[in-house]
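Participant: Chains as they are written, first to last, in our numbering: chain U, 7 to 562; chain F, 4 to 417; chain G, 592 to 1010. Quick one: the structure is below, and I'll ask about it shortly.
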Amino acid sequence: MKIRNLITLLTAASLAALPLMPFARAQDEAPEGEAAPTEVDTEKDTYVAVVGADIYTGTGEVLRGATMLVRSGKIRRIGYDVFIPENARVVHAAGYRVYPGMVALSASTRITDGTLSADPWSAVEDAVHGRAVTDKVADELVEDWVEEWEGDFETAQAFDEAALRSSDSYDPFSSYLVLTLAAGITSVESSNLPIKLRRDKIEDVVMGDGGLVAFNWGGADARRTVRADFEKAAAYLREFRAWEAAGDKSVKEPSRRGVNSGALRVLKGEARPKFSADGANDLLGIARLAQTFGFRPVIDGCREGWIVADELGRAGVTAIVQPRERRAKDEMMVGPAGSSIENAAILHKAGVQVAVKAMNGNVDLSGIAGRDILALALDAGFAVRGGMSDAAALQSVTLVPARILGVDHRIGSLEIGKDADFLITDGDLLHYETHVQLAFVLGEVAYDKNAELYYAHIRPQPPIKITEGIPPAEETKAAEDGESDETKGAEKAGDDSEGKDPEPKPDEPAPKPDEPTPKPEEPEPKPDEPTPKPEEPEPKPDEPAPKPEEPPTHPS
Amino acid sequence: MKLTLLKLAGGVMSVLAFADLGRAQTESLPALEPGQRGIAIHVGRAITLDGDDRTHQPGLVAAIDGRIVYVGRPSAVPAGYEVVERPQTWAVPGMIDLHAHIGSAGFGDLNDSVFSVGAELRSAPAIVPGNPLLRTACAAGVTTLFLIPGSGTSIGGFGTLFKTRTRTTFDRAVFANPGGMKVAQTHNPERRAGDVGATRAGLSWVLAEVNGRARAANAAGVEDFALSALQRVHRRELPVLIHCAGSDGTAAAVRMWKLQYDTHSVISHGSLGGHRVAAFAAAADMPVNHGPRTQDFFVSRTGAVEPSAFHYWKSGLPNFSLNTDSPVIPQHELLLQGTMSARQGVPSSQALRALTLHPARAFAIDHRLGSLEVGKDADVVLWSGDPLDPRSRVETVLIEGEIQYDRAVHGQWF
Amino acid sequence: MKLFASALLAIATALPSAAAQDVFALRVGRAETIGQGTLDHAVILVENGVITVVGQDLPVERGIPIIDLPDAVVMPGLINCRTRIGVDGRGGGGADIAARASAELYPRQDVWEELLATGTTTLGIYPPGNGIPGLAAAVRPAGDTVAAMVLKDPAYLQLYLRSDRGSKKLFTDAFEKLDKYLEKVAKEREKFDKDNEKSKDKDKDKDKDKDKDKDKDKDSKKNAPEFKPSQPDDDVRPVLDLITGRLRAVIGIRKAGDWLHLLDVMGERKFEFDLQCDLRDDLDLFYIAEEVGKRGLRVIFDPTIIQHPGTRRERSMPAEFAKAGAKLALSPRSDSVEAHRDWLNQVGELVRYGLDRQIALRAVTLEPAHVLGLGDKLGSIEAGRTANLVFFDRDPFDPARRLLGVMLDGRFVSGELLP
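Pasting the structure below:
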């Protein structure tokens, strides 16, 4: 066939031209600064190949009907005509989309270490139970940290509290963890630490120290202290560097007493400062501080950022916003004040990096839907409501939070060398009818909608076929699909809502009443027959009657 | 602009000649009489929710003195009409929330709990017309509210059907006062200070007693001043909204108000496992106004996050609708209730109806509200896209043909 | 009544004098021996409180008194390996590795007799508190003095592992202390050896004048010093015993995740331990059943059927863990006499739910004996073991059963069979 020859020619040409292309159509190049991924595969390497899906890399690109190859938990290749090793696990995802897993900021610790309970007090009880023992230990820990942080008690305490909660209390069996994965979130931030939601082990869940130092900006005294701390740290740094450069051993090294170690780390470029601020004046103060001392701050809240967006942009601010939050304008204020749904969009336009966080860091199973951490994709949608583009909104819950936590070399987008933390969805991740079908963490299935009780019956889809190796019949088909897609090529999808791609979902109300959405299977409600878990033993025939219903609690 | 309009009209006319549009309707706008105020809005899509569930693309909605006189494809607009061009927008009927407590713009003024029955109380005096919560609700596409007392007593009183006009007086915005009665069957009106009503038996008796008296007065042809509105309820002249929850509370409400008293009634909430009696409500032809909780996990204990909104809709009960119980959920996020229902599997068209036509029908106010049809109030909301998609925004809101909110002019409130 | 009368007669005729009581034979309708399974028409020979022979339809030597109980079912006395019955419910909150539960024992209480009357013949009393609260003791619920009550002290080290830094640090700190002590001992050994070398050299020099210093030689040989390591601190000894295999541990966890953190804390260290968990609804422990079963660990549960998380679907953790290969020990649901009375009913319910019957019988006898480190002495009707027995008129798991008698150390101490 002529077309085949053309394709081969094109492939050869494009491969040859790859080093010259500024944008990789298929990502075959190693990220900058890193050694090229080794071609020699060890025997211990495991492979996963996701085949046939539309891959949204999270960097603004879409590759339709493409293949992503994962090697031992890291993304190895994304593109077309990707060679799939014989022993690879193949995920047949044609008709579905692949997205990077989302990163949820300000997540509650309940997600990573919570036990399922309708009783809010059991969590407290658990904490108290361990408290008697841990109080004594906590003091010792703080002492250790204070020593290491050289007298900076506050920073030490903040770090210590974070450490106390992080990987040592991680519970990969937590129901809340599963629900968070079901919502498309593969990493969370808790106490400024980046935590990967692994289901298989407790090791290596904390991806780094976050690289953030928190500063208290609430109140005039606190602000004065922060400014003074930075001035003192800057002065010390100047002295120290001068002393170092002079190299005169007879002169004593400048004393570090009283120097805030957090501020020092920031000035040395080892960490980024994080502030909580909402008021326009407070935000301006931070911007000025940033420009004076030359750092790029992270500001959590940033409610009135839209009023001073330009200044924040110039100061290199990264803002963590909640698009839906509302604070009425103080009627006494003459100028603009209060919250704005356009906050995220206005900040973004002014050059501020915008991350979106959910309304609530918890998982809420009390009955009100769409107002907790599970609604993170919806909150990104509310940012679009305010004028942000879909692509920027997707980044606000993936790459930007990853950058804030200093782990964007590992997560936040689907690029070669990054962790294989991704989602397979039945549609646009920002569309309200889309559900995550499979969530992968480091190339392993961490959530399977059909296998868990929680959402299997909601908008049910047939399970996605996963095979060990490509079945022979499909090998040819896959090759053909790959070839035909080659002609389409990778697109840089800008704004998805502009209707470039055929939406698999009807985004308007169908003009036929009482007819369910034309999905392959009619959604059947089965409130009394949950799908049994595979490892459960069947109950004996003489099952006792179910326990009586607990008295329901009052609605708020 | 008129030229483009004529061109458009001309173009459309030629298409019309070949297209089959189904049932014939008024093909042109009526001319304006002197003193009449007319408005004609050109939209990209008009979702009418009419009997044939028609959507006109592009569309034209026209109203005279607040009543719709034309809905359909673009047509010639006679002189005198104010013409509004919004060719990128979708026209959708204004949303209706049958369970709102933001009349007084806050959590106050909700419950007068001295007596366990406050059948003579009205919510109207507490209403602050055009208060900030009502204004934001309007800007989010919610045009009619049933502003009601709280659920602290067995009968909270009578609520007011009210439009969310942004700058208005009470008289201009009121739709019906009293608009209906508010009952709390279970799950809040429990009395703890020592009088009747600490238990379900007590609550049931409190309701039975006062209803019995009202019905007796009706039978005797007597007008009891203290029960006059309740008597109207039992003559089916006013609807009843019943706050209840759990399968037991919801079933009890259906039994009492529909099967026993045969009033014009609507279940409200029905959460915390109430969806398990959806079939019972459906068999009794009882509409359900569901929310703010639209899912359940701990009461059902099936291990699944039970989509109660979906279960109610699926049961086939008449006029399934959604609410916010504002400010439990902020009134302006009523659309999100529809969004979450659609996410659970309710078809998005049905979810939209649950926010518009169904609440109107449930309360028998659909002769004026709930859809874009000739003769109804011109409560029209212009959206940038699918109203259930949080990414869409409201461009313009008209209540009875008058623009209450316009994003281009007022900025984006939500 | 018939049984009662005939049994009494049997005992009366069989035991004419106190001295002769030291040897007797029991002939029962059925014996749940545990070690040898179910034996019908079992004959059990008891000498001085110890079982010496067990068999089916064995002839008894002439002269040995026989107690005939043809309709009785006998099983080993019940063993509750983890309880605080009979000691102060409040206890202390201290986390002291060396604390001993035996220090709280008060012998002369009605509760011990009441407990015996339920058929419980051995108890493991554990210390109160969180973290690493101390050492448990194995006791018999009879005796006028603590010494008379105590069978083994310490029986095991009680530890609790929670998924948090503080709790894990307790474990790692304890092991660190042990490591430090071992280092110290190693250094002492080095020093001792060095000193020995030096003194040997000195002696060698002296050896040149062998004849002169014959006596001195003899003395030096006589006085050859032995290496005496310094004693470990009180809080190190239990951990040392753990590592050297002299002591077992019972580690309490609250959820599946705790198991992973336990493995993290244990690292490469090896010691004998049993897992314990209070069963409750919504518990996710089934996630680790396979892994725990694969390792053949022992688990200590209460006999409760729980609900799968978020559902009303019932699951039997004891049965699932047993099926996965774990060894099972079951303790009554609470520290009350009533709970001990009801214990076999609760276990019987588990059997009806699918727990293997022999595993269930073992779970209240031999396995708890192993927890206490007394698995060779108690918990089974086999030769060489203590004669602690419980007699019923029918299947022990039958709720309508009647307890006929309890035998402790070869003597009837409770029930109708009491002489």
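From the three backbone atoms N, C-alpha and C, an ideal C-beta is built for every residue, glycine too.
Tell me whether the beta-carbon of G848 (chain G) lies closer than 8 Å to the beta-carbon of G306 (chain F).
Facilitator: In the third sequence, counting from the first residue as 1, residue 848 (chain G) sits at position 257. In the second sequence, counting from the first residue as 1, residue 306 (chain F) sits at position 303. It is not a contact, given that the beta carbons lie outside the stated cut-off.
Participant: Using a beta-carbon distance below 8 Å, is M98 (chain F) in contact with chain U?
Facilitator: Counting from one through the second sequence, the residue named residue 98 (chain F) turns up at place 95. Not one chain U Cβ lies under 8 Å of M98 (chain F).
Participant: Can you find a C-beta in chain G that's less than 8 Å from the C-beta of I117 (chain U)?
Facilitator: Along the first sequence, read from residue 1 onward, the residue named residue 117 (chain U) stands at position 111. Chain G contact via Cβ: absent.
Participant: Measure from the alpha carbon of S175 (chain U) to the alpha carbon of each residue in G:D631, G:D865, G:R756, G:V928, then state which is nearest.
Facilitator: Sequence index remark: in the first sequence, residue 175 (chain U) carries index 169 (1-based). Nearest C-alpha to S175 (chain U): G:R756.
Participant: Counting only Cβ pairs nearer than 8 Å, list the residues of chain G close to R304 (chain F).
Facilitator: Position 301 of the second sequence, counted from the first residue, corresponds to residue 304 (chain F). Residues of chain G passing the Cβ test: Q898, G901, T902, R903.
Participant: Starting from P310 (chain F), follow the alpha helix (DSSP H) in both directions and report where the run begins and ends.
Facilitator: In the second sequence, residue 310 (chain F) corresponds to position 307, counting from 1. Neither: P310 (chain F) is in no alpha helix (DSSP H) and is coded neither H nor E.
Participant: Can you tell which of F:S107, F:L32, F:A176, F:V72 has its C-alpha closest to the C-alpha of Q334 (chain F)?
Facilitator: As a first step, residue 334 (chain F) must be located in the second sequence, where it is residue number 331. Per the Cα distances, F:S107.
Participant: If we ignore side chains and look at the alpha-carbon of each, how far apart do G475 (chain U) and N93 (chain U) end up?
Facilitator: The residue labelled residue 475 (chain U) in the question sits at position 469 within the first sequence. The residue labelled residue 93 (chain U) in the question sits at position 87 within the first sequence. Roughly 5 Å between the two C-alpha positions.
Participant: How would you list, in chain order, the residues of chain F whose beta-carbon sits under 9 Å from the beta-carbon of I464 (chain U)?
Facilitator: As a position in the first sequence, residue 464 (chain U) is number 458, starting the count at 1. Simply A307, V308, P310, F313, R346, Q347, G348.
Participant: Among the residues of its own chain, which have a CB less than 6 Å from the CB of G537 (chain G), if the five just before and after it don't count?
Facilitator: A query on residue 537 (chain G) cannot be resolved here, the shown segment of chain G reaching from 592 to 1010 and no further.
Participant: From the beta carbon of R673 (chain G), is the nearest beta carbon of chain U less than 8 Å away?
Facilitator: As a first step, residue 673 (chain G) must be located in the third sequence, where it is residue number 82. Taking Cβ atoms only, chain U never reaches closer than 8 Å to R673 (chain G), which makes this a no.
Participant: By a C-beta neighbour count over all protein chains shown, 10 Å radius and 16 as the cutoff for buried, is L187 (chain U) buried or exposed?
Facilitator: Start at 1 with the first residue of the first sequence, and residue 187 (chain U) comes out as number 181. Per the 10 Å Cβ criterion, buried.
Participant: Excluding the 5 residues preceding and the 5 following L748 (chain G) in the sequence, name in chain order all residues of the same chain whose CB lies nearer than 7 Å to its CB.
Facilitator: As a first step, residue 748 (chain G) must be located in the third sequence, where it is residue number 157. Cβ neighbours of L748 (chain G) beyond the five flanking positions: L726, P829, L833, L838, A840.
Participant: Taking all protein chains shown into account, do 16 or more other C-beta atoms lie within 10 angstroms of the C-beta of E36 (chain F), making it buried, or fewer, making it exposed?
Facilitator: For the purposes of this step, residue 36 (chain F) is identified with residue 33 of the second sequence, where counting begins at 1. Label assigned to E36 (chain F): exposed.
Participant: Could you compute how far the alpha carbon of D112 (chain F) sits from the alpha carbon of T163 (chain F)?
Facilitator: Residue numbering aside, residue 112 (chain F) sits at position 109 when the second sequence is read from its first letter. Residue numbering aside, residue 163 (chain F) sits at position 160 when the second sequence is read from its first letter. Each residue's alpha carbon lies about 14 Å from the other.
Participant: How long is the line joining the alpha carbons of V257 (chain F) and R239 (chain F), rounded to whole angstroms?
Facilitator: Here residue 257 (chain F) is taken as the residue at index 254 of the second sequence, counted from 1. Here residue 239 (chain F) is taken as the residue at index 236 of the second sequence, counted from 1. Roughly 16 Å separates the two Cα atoms.
Participant: Near L124 (chain F), which residues of its chain fall below 8 Å by C-beta distance, leaving aside the five closest residues on each side in sequence?
Facilitator: For the purposes of this step, residue 124 (chain F) is identified with residue 121 of the second sequence, where counting begins at 1. So the qualifying residues of the chain are D115, P152, G159, G160, F161.
Participant: Since N180 (chain F) is in the beta strand (DSSP E), which residue starts that stretch and which ends it?
Facilitator: Translated into the one-based positions of the second sequence, residue 180 (chain F) becomes position 177. That run of the beta strand (DSSP E) goes 177-187.
Participant: Taking only the alpha-carbon atoms, compute the straight-line gap between E492 (chain U) and Y105 (chain U) and give it to the nearest angstrom.
Facilitator: Counted from its first residue, the first sequence places residue 492 (chain U) at position 486. Counted from its first residue, the first sequence places residue 105 (chain U) at position 99. Only weak support exists for where E492 (chain U) lies, its pLDDT of 40 falling under 50; the coordinates are left without a value.
Participant: Between V212 (chain U) and the rest of its own chain, which residues show a CB-CB distance below 6 Å, the 5 nearest in sequence each way excluded?
Facilitator: In the first sequence, counting from the first residue as 1, residue 212 (chain U) sits at position 206. Within the same chain, V212 (chain U) has close Cβ partners S172, S173, L199, I201.
Participant: Is the shortest distance between the beta-carbon of L2 (chain U) and the beta-carbons of chain F less than 8 Å?
Facilitator: An answer regarding residue 2 (chain U) cannot be provided, because it is not within the stretch 7 to 562 covered by chain U.
Participant: Check this for me: beta carbons of N180 (chain F) and G155 (chain F), under 8 Å apart or not?
Facilitator: Along the second sequence, read from residue 1 onward, the residue named residue 180 (chain F) stands at position 177. Along the second sequence, read from residue 1 onward, the residue named residue 155 (chain F) stands at position 152. Taking 8 Å as the Cβ cut-off, N180 (chain F) and G155 (chain F) do not qualify as a contacting pair.
Participant: Taking all protein chains shown into account, decide if Y697 (chain G) is buried (16 or more other Cβ within 10 angstroms of its Cβ) or exposed.
Facilitator: Locating residue 697 (chain G) in the third sequence gives position 106, counting from the first residue. Classification for Y697 (chain G): exposed.
Participant: Which class does Y182 (chain U) belong to by DSSP, given the choice of helix, strand or coil?
Facilitator: Locating residue 182 (chain U) in the first sequence gives position 176, where the first residue counts as 1. Of the three classes helix, strand and coil, the one that applies to Y182 (chain U) here is helix, per DSSP.
Participant: For L772 (chain G), which residues in the same chain have their Cβ closer than 8 Å to its Cβ, ignoring the five residues on either side in sequence?
Facilitator: In the third sequence, residue 772 (chain G) corresponds to position 181, counting from 1. According to the sequence shown, residue 772 (chain G) is Tyr rather than Leu. Only P823, D824, V827, L831 meet the Cβ criterion.
Participant: Apart from the five residues just before and just after Y315 (chain F), which ones in its own chain have a Cβ nearer than 6 Å to its Cβ?
Facilitator: In the second sequence, the residue the question calls residue 315 (chain F) occupies position 312. Cβ within range, chain order: H278, A281, V291, H293, F323.
Participant: Can you grab the Cα-Cα spacing for the pair E226 (chain F) / A285 (chain F), in whole Å?
Facilitator: Taking the second sequence and counting its residues from 1, the one referred to as residue 226 (chain F) is at position 223. Taking the second sequence and counting its residues from 1, the one referred to as residue 285 (chain F) is at position 282. Their backbone Cα atoms lie some 34 Å apart in a straight line.
Participant: Roughly how far, in whole angstroms, is the beta-carbon of L185 (chain U) from the beta-carbon of V57 (chain U), given that I think they are within contact range, below 8 Å?
Facilitator: On the first sequence, position 179 is the one that residue 185 (chain U) refers to. On the first sequence, position 51 is the one that residue 57 (chain U) refers to. Incorrect: roughly 28 Å between the Cβ atoms, too far for contact.
Participant: Determine the closest residue to R70 (chain F) out of F:A196, F:V377, F:V400, F:S344, with distance taken between C-alpha atoms.
Facilitator: Taking the second sequence and counting its residues from 1, the one referred to as residue 70 (chain F) is at position 67. The shortest C-alpha separation from R70 (chain F) is found at F:V377.
Participant: L391 (chain F) touches chain U at which residues, Cβ-Cβ below 7 Å?
Facilitator: On the second sequence, position 388 is the one that residue 391 (chain F) refers to. By Cβ distance, chain U contributes Y438.
Participant: Cutting at 7 Å between CB atoms, please list the residues of its own chain near H852 (chain G), excluding the five before and the five after it.
Facilitator: Working through the third sequence from its first residue, we reach residue 852 (chain G) at position 261. Excluding sequence neighbours, H852 (chain G) sits near L752, S754, K759.
Participant: Do you know offhand how far F281 (chain U)'s Cα is from D396 (chain U)'s?
Facilitator: Taking the first sequence and counting its residues from 1, one reaches residue 281 (chain U) at position 275. Taking the first sequence and counting its residues from 1, one reaches residue 396 (chain U) at position 390. Near 27 Å, if we compare the C-alpha coordinates of D396 (chain U) and F281 (chain U).
Participant: Can you pull the chain U residues whose beta carbon is under 7 Å from the beta carbon of P135 (chain F), in chain order?
Facilitator: By one-based count along the second sequence, residue 135 (chain F) stands at place 132. Simply A334.
Participant: Can you give me the Cβ contacts of Y84 (chain F) inside the same chain, cut-off strictly under 8 Å, excluding the 5 residues immediately before and after it?
Facilitator: Here residue 84 (chain F) corresponds to residue number 81 of the second sequence, with the count starting at 1. Taken in chain order, the residues that qualify are L32, L35, G41, I42, A43, A65.
Participant: What residues are listed by DSSP as bridge partners for W386 (chain F)?
Facilitator: If you number the second sequence from 1, residue 386 (chain F) lands on position 383. In DSSP, W386 (chain F) forms a bridge with F:W93, F:V397.
Participant: For F1003 (chain G) and L994 (chain G), I'd like the C-alpha separation in whole angstroms.
Facilitator: In the third sequence, counting from the first residue as 1, residue 1003 (chain G) sits at position 412. In the third sequence, counting from the first residue as 1, residue 994 (chain G) sits at position 403. So the two alpha carbons sit approximately 12 Å from each other.
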